[in-house]
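Residue numbers (the numbering used here): 632 to 844. Quick reminder that beta carbons are idealized off the backbone N, C-alpha and C, glycines included. Just so it is clear, the structure is predicted and the values come from calculations on it, not from any experiment. Structure first, commentary second.
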Amino acid sequence: MTPVTLVDLLCRGAAHRPALSDPDGISLDYVDLCNAADAIGAALATHGVQPGDRVAAVLPDGAAYLAAFAGTAAARAAFAPLAAPDGLARLRPRLVLAPPEVPQGIRVAANALGIPVVTVAIDAAGLALVDGEHVYDAHGRTAGPDDPAFITADGIPVAQGALVAAALESARPASGTVRLAVPLSELRGLVGAIAVLAAGGHLVVAARAAAAA
Numbered sequence: 632m633t634p635v636t637l638v639d640l641l642c643r644g645a646a647h648r649p650a651l652s653d654p655d656g657i658s659l660d661y662v663d664l665c666n667a668a669d670a671i672g673a674a675l676a677t678h679g680v681q682p683g684d685r686v687a688a689v690l691p692d693g694a695a696y697l698a699a700f701a702g703t704a705a706a707r708a709a710f711a712p713l714a715a716p717d718g719l720a721r722l723r724p725r726l727v728l729a730p731p732e733v734p735q736g737i738r739v740a741a742n743a744l745g746i747p748v749v750t751v752a753i754d755a756a757g758l759a760l761v762d763g764e765h766v767y768d769a770h771g772r773t774a775g776p777d778d779p780a781f782i783t784a785d786g787i788p789v790a791q792g793a794l795v796a797a798a799l800e801s802a803r804p805a806s807g808t809v810r811l812a813v814p815l816s817e818l819r820g821l822v823g824a825i826a827v828l829a830a831g832g833h834l835v836v837a838a839r840a841a842a843a844a
């Protein structure tokens with residue numbers, strides 16, 4: 632049996648039904664989410680991200696965060712939420728994903744270390760914007776269960792297979808709208824979000840974790 636990846640879990644049976652809504656008023660259906668993840672994964676590969684690389688993120692919780700996480704997983708890289716600029720020196724990521732209004736502290740720290748900063752957003756039509764441009768390419772990589780997918784605040788890598796298993800264990804039959812109050816930067820918040828989407832529910836991201844300044 633072919634192992635189920637995170638993208639498989641989120642995009643299996645993707646259809647034009649509500650997938651997630653965030654505090655900025657952005658709403659994505661399942662097709663939008665999968666297309667955005669594919670586009671971001673392709674952009675990461677274009678920027679030189681290789682399997683096993685770490686990709687730091689200072690994105691606020693919401694549609695862009697989840698699409699960037701899924702796109703990073705599709706590119707076989709590990710998504711690492713960054714709490715503060717000084718974490719870059721420890722993490723040494725291939726690049727940093729940031730909102731269009733890049734926090735000044737992140738810009739300065741990344742420049743000092745020679746780490747590229749790439750901006751990510753979702754526009755009103757549900758399309759991914761990378762460095763202000765739409766991306767329509769596919770990532771063209773096949774992830775595996777042993778690929779690292781997430782780096783916890785303690786620096787512990789979590790493999791795709793472990794995240795898939797945890798989400799499937801938590802998933803329940805789709806029951807309409809589910810409001811997520813736990814930040815996505817926390818492992819239990821991310822697993823909870825994946826579980827809702829894996830079950831075909833409509834995830835409402837209520838928490839707004841502060842991005843690194």
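- By the C-beta criterion, the region 726 to 744 is judged not to be in contact with the region 638 to 655, since fewer than 3 inter-stretch pairs fall below 8 Å.
- The beta-carbon separation of Gln791 and Ala774, rounded to 6 Å, stays under the 8 Å limit for a contact.
- Distance between Pro716 and Leu760, taken at the CA atoms: about 23 Å.
- The beta carbon of His765 sits closer than 6 Å to those of Leu758, all from its chain and outside the five residues before and after it, given in chain order.
- Where Arg643 is concerned, there is no enclosing alpha helix (DSSP H), because DSSP gives it neither an H nor an E.
- Ranking Ala796, Leu659, Pro649 and Val739 by CA distance to the CA of Pro634 puts Ala796 first.
- Within the model, the alpha-carbon separation for Val751 versus Asn666 is close to 14 Å.
- Distance from the CA of Val689 to the CA of Tyr767, rounded to the nearest whole angstrom, comes to 23 Å.
- In the DSSP assignment, no residue is bridged to Phe700.
- Under the criterion of beta carbons closer than 8 Å, Val789 and Ala798 do not qualify as touching, at roughly 11 Å.
- Take Gly702, set aside five residues on each side of it, and the residues of its chain with a beta-carbon closer than 6 Å to its own are Ala668, Ile671 and Gly672, in chain order.
- The DSSP-derived three-state label of Ser658 is strand.
- With contacts defined by Cβ atoms closer than 8 Å, Val835 and Thr808 form a contacting pair.
- At a Cβ-Cβ threshold of 8 Å, Leu664 and Ala687 do not count as neighbours.
- In this structure, His833 places its C-beta atom within 8 Å of the C-beta atom of Ala650.
- Pairing His647 with Leu722, the inter-Cα distance amounts to about 37 Å.
- With respect to Ala711, Arg772 sits apart: the two C-beta atoms are not nearer than 8 Å.
- In the structure shown, the three-state DSSP call for Thr750 is strand.
- In this structure Val638 touches Ala705 by the C-beta definition: roughly 5 Å separates them, less than 8 Å.
- DSSP places Glu800 within a helical segment (H, G or I) once states are collapsed to three.
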